[in-house]
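Please read the structure below before turning to the comments.
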Amino acid sequence: MAVPTVADRVAQTVVAGHLSERVEQIFHPDSFGYRPGKSALDAVASCRERCWQFDWVVEFDIRKFFDTVPWDKAVAAVEVHTGARWVVLYVKRWLAAGLCLPDGSTTERAEGTLQGSAVSPVLANLVLHYAFDAWMVREYPACPFERYADDAVVHCRTLAEAEWVLAALRSRMAEVGLELRPDKTRIVYGKDDNRRVRFPVTEFTFLGFTFRPRGAKDRHGVMFTAFLPAISKQALKRLSRTVRSWRLHRRTAQESSDPGRRSIRWSGDG
Numbered sequence: 068m069a070v071p072t073v074a075d076r077v078a079q080t081v082v083a084g085h086l087s088e089r090v091e092q093i094f095h096p097d098s099f100g101y102r103p104g105k106s107a108l109d110a111v112a113s114c115r116e117r118c119w120q121f122d123w124v125v126e127f128d129i130r131k132f133f134d135t136v137p138w139d140k141a142v143a144a145v146e147v148h149t150g151a152r153w154v155v156l157y158v159k160r161w162l163a164a165g166l167c168l169p170d171g172s173t174t175e176r177a178e179g180t181l182q183g184s185a186v187s188p189v190l191a192n193l194v195l196h197y198a199f200d201a202w203m204v205r206e207y208p209a210c211p212f213e214r215y216a217d218d219a220v221v222h223c224r225t226l227a228e229a230e231w232v233l234a235a236l237r238s239r240m241a242e243v244g245l246e247l248r249p250d251k252t253r254i255v256y257g258k259d260d261n262r263r264v265r266f267p268v269t270e271f272t273f274l275g276f277t278f279r280p281r282g283a284k285d286r287h288g289v290m291f292t293a294f295l296p297a298i299s300k301q302a303l304k305r306l307s308r309t310v311r312s313w314r315l316h317r318r319t320a321q322e323s324s325d326p327g328r329r330s331i332r333w334s335g336d337g
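Sequential numbering of the sequence shown, starting at 68, is according to the working numbering.
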């Protein structure tokens, strides 16, 4: 996480606004991260509905995405959407800016966009729009997806289709200079009462929610097994630590009556 100077923060905010006005309209509706009117919970809700319609999921995450964004791809994407030379110049400078470490030394970088920069979210979405979203629409229009920054799932109808998509996805990421995380990339079967294929992986975690076969009850009170999300163990542990840190048992009645003094981060496992 990088902390820009006040002057850089102001300039980055101006550039981010300039770019957002021009690219927001072309972004895919199933890109949910860092966008107005969209949230992680919207992505989870969409994923939940599509898991009912599609039997298979390709879950993936990009390894150290913000640290490995290829500069040439980011700059090329910016140049497509603005003719303002000053915007392109500033983006190039911020991408190449070194980091000042606590001991006063500096470190140079050759790739990536600094997290903490006001312009990084729109740059990240712009790069992944061309690297993934537009590519999926072009190559696999029948496979819907949800993407939140570098965390995404793709819905497929058959195992063969999921295997084909995953192989193509690995090649595509390599083509644009990115790499999938092996521990977060796999094919998952959405097992339930009506889907009983034997498959070793029947759950995945997306944005702090674990999707897996769970007991449910229909409107007549009859129990059945459905493929549903619930808060993940990691997210629940993080939530518990946050609540414990409030030390509620030591607070006065007046302090406890002000819920606005505390907030909880729900945006996922990252």
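Glycine included, each C-beta is placed from N, C-alpha and C at the ideal position.
Asked                                                                                                                                                                            : Found
Can you tell me where the alpha helix (DSSP H) with Cys118 in it begins and where it stops?                                                                                      : 107-120
Helix, strand or coil for Val73 per DSSP?                                                                                                                                        : helix
Closest to Asp75 by CA distance: which of Phe121, Asn192, Thr149, Ser187 is it?                                                                                                  : Ser187
Which same chain residues, not among the five before or five after Leu245, have their C-beta less than 6 Å away from its C-beta?                                                 : Ile129
By Cβ distance, which residues of its chain are closer than 8 Å to Ile298, with the 5 residues on each side in sequence left out?                                                : Gly275, Phe276, Thr277, Leu306
Using only the alpha-carbon positions, how far apart do Trp161 and Gly282 sit?                                                                                                   : 50 Å
On the DSSP bridge assignment, give the partners of Asp218 in chain order.                                                                                                       : Asp128, Tyr215
Quick one: does the C-beta of Asn261 sit closer than 6 Å to a heavy atom of the ligand NAD?                                                                                      : Summarising the ligand content, the structure contains no ligands, and the ligand NAD is consequently not present.
Could you name each continuous alpha helix (DSSP H) segment of 4 residues or more that falls completely within the region 139-193, going from the start of the chain to the end? : 152-163
Could you tell me which residues DSSP puts in a beta bridge with Ile298?                                                                                                         : Phe276
Buried or exposed: which applies to His222, given that a residue is buried once 16 or more other Cβ atoms fall within 10 Å of its Cβ?                                            : buried
Going by beta carbon distance, what residues of the same chain come within less than 6 Å of Val82, once the five residues before and after it are set aside?                     : Val154, Tyr157, Val186
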